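Please read the structure below before turning to the comments.
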Amino acid sequence: MSVALFLGLLPMLIWLAMLLARGGFWLARDRDDRDTPPEPAQWPAVVAVVPARNEADVIAASIGSLMRQDYPGPFRVVLVDDGSTDRTAETARGAGGTAPLEVLTGAPLPQGWTGKLWALEQGVRHATGSGDAPAYVLLTDADIGHAPGNLRALVARAEAGRHALVTLMAELSCVTRAERFLIPAFVFFFQMLYPFAWVSDARRRIAAGAGGCMLVRREALERAGGIASIRTAIIDDCALARRLKAQGPIWLGLTHRAKSLRPYGEVAEIGRMVSRSAYAQLRYSPLLLAGTVLGMVLTYHVPPALAVFGSGWAQAAGMAAWAMMALAFQPMLRFYRVSPLWGVALPAIGAAYTWFTVQSALQVWRGKGGMWKGRAQAMAGGA
């Protein structure tokens with residue numbers, strides 16, 4: 001067998017395995033609008049905890065969407081202002097809605113914590129510290145807008161399945177050319193790493209969460225050690241999901257009910273978002289980084305190279321692998337309502353994400369890894 005044919009057959013077999021034996025991740029079937037869990041006889045109390053640092057441009061829309069939730073049970077919102085230097089707190093107080101809002105001024109960041117998790121710790125402690133502690137805590141970001149029925153649907157699912165965690169991959173902005181180029185692939189790659197069907201399968205150890213929208217059963221959170229148990233985590237949503245899955249079933253799905261309010265105008269902005277945690281995902285290992293780059297080249301870049309420049313069976317294998325990756329991308333492209341032709345561009349998109357991953361490692365090596373709101377956090381811990 002020639003080297004060219006081997007290089008054509010290997011990615012073809014990789015894509016065949018991913019299509020048939022990776023939990024059907026690419027089908028995008030795990031969505032919160034595909035079924036309707038029965039509503040509980042009694043609606044439990046919920047507190048939403050929102051960490052915010054310099055979010056004045058989006059906070060009114062996000063907090064307002066929470067305060068206007070169509071939820072029949074007791075519900076209130078706690079915003080933790082994490083050292084904002086803009087008008088985040090004042091703007092949040094002016095958001096319209098009927099649910100009570102409490103704005104806490106965050107304490108200084110102690111050593112050994114990431115900023116977001118310290119803010120969440122303060123908010124959860126405040127929300128659960130009284131005698132009327134809620135049954136659930138909704139952990140959500142300050143740049144996420146929620147449809148009026150989102151909390152109701154989340155709680156109904158959690159109650160019906162006795163879930164420790166119900167988490168939704170919020171719909172990201174996908175309007176600009178840069179967003180259409182990179183955003184659907186961001187979710188596609190996340191599903192490839194963490195097939196949602198496997199995450200929701202209690203028999204499998206794999207766990208993942210989407211930090212923009214996580215409904216957590218309070219008792220499960222306490223048994224798992226609380227937010228403090230993941231205080232150094234950069235990829236905090238997945239770290240928390242792993243701890244909660246040990247306490248009970250979890251469920252992860254796509255949604256149109258929770259949407260990011262943060263647009264990404266340029267490729268560089270999306271690159272910064274990805275680079276913030278990519279090297280942490282590889283556990284800060286140069287060996288895993290090298291393996292990832294090699295794997296991306298083999299899986300995404302060799303097939304089109306052979307399809308264009310190869311000949312014979314090697315060219316046919318390259319074309320088959322390229323066709324399979326374009327096919328696998330189609331359900332996510334439909335979910336984001338963008339042209340199916342972006343499937344053909346997946347090799348170029350993969351090249352961009354390969355560079356973002358390398359860039360993430362370079363940032364960590366320079367002492368600027370995990371940059372978030374002016375804080376370099378990547379070396380505070382792994383997980």
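Anchor point for the sequence shown: position 18 equals 18 in full-length UniProt numbering, and the numbering is continuous, going up by one each time.
Heads up, the beta-carbon is just placed ideally off N, CA and C, and yes, glycines get one too.
Since we're looking at a predicted model, the values are computed, not measured.
Assign residue i to one of two classes, buried (16 or more other C-beta atoms within 10 Å of its C-beta) or exposed (fewer than that).
{"i": "Gly381", "result": "The predicted position of Gly381 is uncertain, since its pLDDT is 41 and thus under 50; a value taken from the coordinates is nonetheless stated next. Per the 10 Å Cβ criterion, buried."}
{"i": "Phe309", "result": "exposed"}
{"i": "Ser311", "result": "exposed"}
{"i": "Gly271", "result": "buried"}
{"i": "Gln111", "result": "exposed"}
{"i": "Val137", "result": "buried"}
{"i": "Met12", "result": "buried"}
{"i": "Phe186", "result": "buried"}
{"i": "Thr105", "result": "exposed"}
{"i": "Asp33", "result": "exposed"}
{"i": "Ala268", "result": "exposed"}
{"i": "Lys116", "result": "buried"}
{"i": "Thr167", "result": "buried"}
{"i": "Asp86", "result": "exposed"}
{"i": "Leu333", "result": "buried"}
{"i": "Gly149", "result": "exposed"}
{"i": "Arg366", "result": "exposed"}
{"i": "Pro108", "result": "exposed"}
{"i": "Glu171", "result": "buried"}
{"i": "Phe329", "result": "buried"}
{"i": "Ser130", "result": "exposed"}
{"i": "Glu102", "result": "exposed"}
{"i": "Gly295", "result": "exposed"}
{"i": "Glu266", "result": "exposed"}
Could you spell out where the alpha helix (DSSP H) holding residue i opens and where it closes?
{"i": "Asp237", "result": "Asp236 to Lys245"}
{"i": "Pro134", "result": "From DSSP, Pro134 is part of no alpha helix (DSSP H); its letter is neither H nor E."}
{"i": "residue 401", "result": "As displayed, the chain neither begins before 1 nor continues past 383, which places residue 401 out of reach and without an answer."}
{"i": "Leu79", "result": "It is not in any alpha helix (DSSP H) - Leu79 instead sits in the beta strand (DSSP E) that spans Phe75 to Asp81."}
{"i": "Leu294", "result": "Pro286 to Met296"}
{"i": "Arg31", "result": "Here Arg31 belongs to no alpha helix (DSSP H), and DSSP marks it neither H nor E."}
{"i": "Pro51", "result": "Taken as a continuous stretch (DSSP letters only), Pro51 belongs to no alpha helix (DSSP H), being part of the beta strand (DSSP E) at Val46 to Ala52."}
{"i": "Leu20", "result": "Val3 to Ala21"}
{"i": "Ile227", "result": "First-last for Ile227: undefined, no H or E at that position."}
{"i": "Gly64", "result": "Ile59 to Met67"}
{"i": "Pro263", "result": "First-last for Pro263: undefined, no H or E at that position."}
{"i": "Gly271", "result": "Val267 to Gln281"}
{"i": "Ala92", "result": "Thr88 to Arg93"}
{"i": "Phe309", "result": "Val302 to Phe309"}
For the beta strand (DSSP E) containing residue i, name the first residue and the last one.
{"i": "Lys259", "result": "Ile250 to Ser260"}
{"i": "Glu102", "result": "Leu101 to Thr105"}
{"i": "Val216", "result": "Cys213 to Arg217"}
Measuring CA to CA, which of the options is closest to residue i?
{"i": "Ala133", "options": "Pro44, Met273, Ala351 and Asp236", "result": "Pro44"}
{"i": "Arg257", "options": "Gly265, Ala351 and Ala153", "result": "Ala153"}
{"i": "Val80", "options": "Gln363, Ala314 and Ala89", "result": "Ala89"}
{"i": "Pro74", "options": "Ala60, Thr98, Gln315 and Val46", "result": "Val46"}
{"i": "Arg242", "options": "Ala210, Ala99 and Glu266", "result": "Ala210"}
{"i": "residue 392", "options": "Ala348, Arg334 and Ile230", "result": "Nothing in the structure corresponds to residue 392, since the chain is present only between 1 and 383."}
{"i": "Ala207", "options": "Phe196, Val344, Gly367 and Asp33", "result": "Phe196"}
{"i": "Leu306", "options": "Thr299, Tyr300, Gly318 and Val199", "result": "Gly318"}
{"i": "Ile250", "options": "Arg217, Arg276, Ala228 and Ala320", "result": "Arg217"}
{"i": "Gly212", "options": "Pro100, Thr140, Thr299 and Ala202", "result": "Thr140"}
{"i": "Ala135", "options": "Leu165, Thr91 and Asp70", "result": "Leu165"}
{"i": "Arg203", "options": "Ala228, Ala246 and Thr357", "result": "Ala246"}
{"i": "Leu215", "options": "Leu10, Leu341, Leu9 and His163", "result": "His163"}
{"i": "Thr128", "options": "Glu222, Val58 and Asp82", "result": "Glu222"}
{"i": "Arg177", "options": "Ala17, Ser339, Ala224 and Val199", "result": "Ser339"}
{"i": "Val155", "options": "Ala4, Val78, Gln69 and Thr91", "result": "Gln69"}
{"i": "Thr357", "options": "Met325, Gly291, Tyr336 and Leu298", "result": "Gly291"}
{"i": "Ala4", "options": "Ala314, Trp342 and Tyr353", "result": "Ala314"}
{"i": "Gly23", "options": "Trp198, Pro347 and Asp35", "result": "Trp198"}
{"i": "Gly253", "options": "Gln281, Thr354 and Ser200", "result": "Ser200"}
Would residue i pass as an interface residue toward chain C - the criterion being a Cβ-Cβ separation below 7 angstroms?
{"i": "Gly83", "result": "Of the protein chains in this structure there is only one, and it is not chain C."}
Inset, instruction - Say whether the region 48 to 64 touches the region 121 to 130, bearing in mind that this needs 3 or more beta-carbon pairs closer than 8 angstroms, one atom from each stretch. - result: yes
Inset, instruction - Say whether the region 259 to 267 touches the region 35 to 44, bearing in mind that this needs 3 or more beta-carbon pairs closer than 8 angstroms, one atom from each stretch. - result: no
Legend entry - Cβ contact check for the region 152 to 162 and the region 230 to 244: 3 or more pairs under 8 angstroms: no
Inset, instruction - Could I get the ranges of all uninterrupted beta strand (DSSP E) runs contained in the region 128 to 210, with 3 residues as the minimum, in chain order? - result: 136 to 140, 144 to 146 and 165 to 171
Legend entry - Every unbroken alpha helix (DSSP H) within the region 320 to 374, with a cutoff of 4 residues, ordered by chain: 346 to 365
Inset, instruction - Answer yes if the region 188 to 204 comes into contact with the region 14 to 29, meaning at least three C-beta pairs across the two stretches below 8 angstroms, and no otherwise. - result: yes
Inset, instruction - Determine, using beta-carbon pairs with one atom in the region 92 to 103 and one in the region 58 to 69, whether at least three such pairs fall under 8 angstroms. - result: yes
Inset, instruction - Taking 8 angstroms as the threshold, find out whether the region 175 to 183 comes into contact with the region 283 to 295 through three or more Cβ pairs. - result: no
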